[in-house]
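Worksheet: the structure to be examined is printed underneath.
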Amino acid sequence: MGSEHYCLRWNNHQNNLLGVFSQLLQDESLVDVTLACAEGHSIRAHKVVLSACSSYFQSLFVDHPGRHPIVILKDVSFSELRTLVEFMYRGEVNVEYCRLSALLNTAESLKVKGLAEMTHLHGGGRSSAPPRQDDSDPPRAAEPGSPAPRPDTPPPPPPPP
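Take the sequence shown: its position 13, counting from 1, is numbered 12 in numbering that gives the first Met the number 0, and each next residue is one higher.
So, in structure tokens, the structure goes:
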């Protein structure tokens with residue numbers, strides 16, 4: 000005598016979460032970690048977002064729990080840090096071609112999902128990337144001068160023979 004089950008779905012749930020987290024970052028509301036670079040600048044962020052997007056941060060926060068840790072990233076420029084945090088919160092970011100290689104190397108060392116895998120595709124300093132262990136969309140590199148591709152954008156058709 001089982002009862003019927005109903006699926007309740009919020010069609011805009013993912014977009015809402017992205018928007019809320021971006022707004023919380025902008026307002027520095029409910030932040031619980033500070034990321035600092037050698038240049039003396041810092042960004043306040045949310046451990047849950049950083050952990051979801053980076054296995055490096057996830058391990059760090061699990062192994063060293065604390066109220067509001069300050070993580071010093073001595074080999075990361077503020078520009079790279081700001082760009083990577085923006086990527087982790089929004090899922091996309093536009094980067095100048097001249098900054099791409101350095102950014103991808105930093106993303107690999109911080110194990111940022113969706114970017115760390117691109118280092119070997121772009122010809123970065125490391126010879127191989129760790130195998131993908133998530134269900135995220137495969138990374139795609141943008142051509143210089145073009146906007147970054149969106150995950151929901153189909154790949155361009157092959158050139159005619």
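Built from N, CA and C at the ideal position, the CB exists for glycine as well.
None of these values were measured; they are calculated from a predicted model.
With DSSP as the reference, identify every bridge partner of THR33, one or two as the case may be. Assignment of beta-bridge partners to THR33 by DSSP yields ARG43, ILE69.
Are ASP74 and SER108 touching if we call contact CB-CB under 9 Å? yes
Report yes or no: do three or more beta-carbon pairs, one from the segment 34-43 and one from the segment 68-88, lie closer than 8 Å? Under the Cβ criterion (8 Å, minimum of three pairs), the segment 34-43 counts as touching the segment 68-88.
Using the beta-carbon count (16 or more within 10 Å), is LEU29 buried or exposed? exposed
Count the CB pairs spanning the segment 56-68 and the segment 18-38 that are closer than 8 Å, and state whether there are at least three. yes
For ILE71, which residues of its own chain have a beta-carbon under 6 Å away from its beta-carbon, when the five flanking residues on both sides are left out? ALA35
Just to confirm my understanding: we take VAL94, look at its own chain, exclude 5 residues before and 5 after, and list those with CB closer than 7 Å. What are they? So the list reads THR82, LEU102, once near-sequence residues are dropped.
Would VAL48 and TYR88 qualify as a contact pair, given that the criterion is a beta-carbon distance under 9 Å? yes
Proximity below 9 Å, CB of GLY90 to CB of LEU17: For GLY90 and LEU17, yes; Cβs fall inside 9 Å.
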